[in-house]
Amino acid sequence: MNPELFVKVDRYIADLLTPQDNTLLATIESLDKAGMPQHSVSPNQGKMLYTLALLCNARNILEIGTLGGYSTIWLARALPDGGRLLSLEYNPVHAEVAQQNITQAGLESKVEIRVGKAIELLPQIESEISTSFDLIFIDADKPPYTEYFQWAVKLARPGALIVADNIIREGKVLDRHSKDEKVLGVQRFNRMLATNHDVTATILQTIGIKGYDGMAIAVVNRNSKSS
Ligand code: SAH
Ligand code: DHB
Ligand code: MG
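Last residue of the sequence shown? That's 288 in our numbering, and every number before it is there in order.
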């Protein structure tokens, strides 16, 4: 196993299939300028989210964890005319930077960023009428991932896709004695996923410029809800 090789191959794939336009490059730069963490998905992961959104004909997307809007831009670009993306972000500075990037991307008419703790915003979203999402991307704080997923299932249409980032954490999920709250959060999430009858799920290991991690991909079963 050679981490440098994985990085090189990630760049090779990106050079072939994921050309970075100025808007995406400026979005990544805006994080450093604002002192924000470089926790955006990688270019190839962004392209994967875009491809998944096309695959499920997403018209309504929910994202939990906006940061600077990098994944938001990828997902929103897959929306048809009239499509909408709602993104939840706790940190008002992150939301402000993301809003600028989304405006630069020309996506302001499709994207709404809502500022607050996701766990408090999700019940409000449920109480709004037109809330059946085709795709939900979970990428915020890790301890409540299980609760975010349960909300995602509630807010999803049958057949919808739920994607959750960072659930392998360099393989630290194997450590039964971990005291890292992020590891504990995703271990609990992965156990829940294994016993959840509302979805059919798998986990993809992700490796490349963002290191070693994983993404859960879950489809909400068509017979799981009365709708
Ligand atoms: N999806 C982004 C990266 C998100 S990083 C991308 O790939 O481009 C995680 C984000 O979740 C951070 O901006 C962080 O401020 C936000 N966050 C942390 N706790 C949160 C909470 N309780 N509710 C909503 N957002 C939260
Ligand atoms: C972390 C969070 C992320 O969403 C990510 O993609 C990478 C790391 C983190 O909190 O450590
Ligand atoms: Mg992430």
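Glycine included, each C-beta is placed from N, C-alpha and C at the ideal position.
Please determine, among the options, the residue with the shortest C-alpha to C-alpha distance to residue i.
i    : options                   : result
L146 : S191, I89, V154 and M109  : S191
A166 : Y131, A279, Q211 and K178 : Y131
G144 : S170, E157 and N152       : S170
T84  : R120, T164 and I278       : T164
Q160 : N118, T133 and A119       : T133
V154 : M97, P205, D71 and E187   : M97
I301 : R230, D241 and N282       : Residue coverage of the chain in this structure runs from 62 to 288, which leaves residue 301 outside it and unanswerable.
L92  : L116, T256, N63 and E157  : E157
L222 : P204, K240, L123 and T256 : L123
N118 : H258, G220 and E242       : G220
E187 : K69, L116, Q211 and P205  : Q211
What are the start and end residues of the alpha helix (DSSP H) that includes residue i?
i    : result
I174 : It is not in any alpha helix (DSSP H) - I174 instead sits in the beta strand (DSSP E) that spans V172 to V176.
D71  : P64 to L78
A156 : P153 to Q165
Q248 : E242 to T256
A114 : P104 to L116
Thinking residue i and residue j are a contact (beta carbons under 8 Å), I'd like their distance in whole angstroms, please.
i    : j    : result
T267 : M276 : 6 Å
V224 : N251 : Between N251 and V224 the Cβ distance is about 14 Å, and since that is not below 8 Å, they are no contact.
A201 : G126 : 3 Å
T88  : N162 : 4 Å
R175 : L183 : The pair is not a contact, with the Cβ atoms about 10 Å apart (cut-off 8 Å).
F67  : G269 : 6 Å
Y151 : G177 : 7 Å
H100 : L128 : 6 Å
S239 : H258 : The Cβ separation is near 27 Å, so there is no contact.
First and last residue of the beta strand (DSSP E) that includes residue i?
i    : result
S132 : From DSSP, S132 is part of no beta strand (DSSP E) but of the alpha helix (DSSP H) over Y131 to R138.
Q211 : No beta strand (DSSP E) holds Q211; the alpha helix (DSSP H) holding it covers Y206 to L216.
Q266 : V260 to G269
D93  : Careful: D93 lies outside any beta strand (DSSP E), inside the alpha helix (DSSP H) at N83 to K94.
S188 : Element bounds for S188: not the beta strand (DSSP E) but the alpha helix (DSSP H), A179 to S188.
D274 : G272 to V281
D195 : F194 to I199
R145 : R145 to E150
R123 : Before going on, a small fix: residue 123 reads as Leu here, not Arg. Counting along the chain, the beta strand (DSSP E) containing L123 begins and ends at N121 to I125.
Can you list, in chain order, the residues of its chain with a C-beta nearer than 7 Å to that of residue i? Leave out the 5 residues immediately preceding and following it.
i    : result
R249 : T207
A262 : L254, A277, I278 and A279
G232 : Y273
V244 : R230, K233, V234 and D236
Q185 : none
For residue i, which residues in the same chain have their Cβ closer than 6 Å to its Cβ, ignoring the five residues on either side in sequence?
i    : result
W135 : G107, L110 and Y111
A75  : P104 and N105
A114 : L136, A139 and L196
N227 : D274
S193 : R218
A179 : I125, L149 and A201
P204 : E242 and G246
If you measure from the CB of residue i, is any heavy atom of the ligand ATP nearer than 7 Å?
i    : result
G129 : Ligands in the displayed structure: the ligand SAH, the ligand DHB and the ligand MG; the ligand ATP is not one of them.
Please list, in chain order, all residues of the same chain as residue i whose beta carbon is under 8 Å from its beta carbon, the five residues on each side excluded.
i    : result
R120 : L140, P141, G143, G144, R145 and D195
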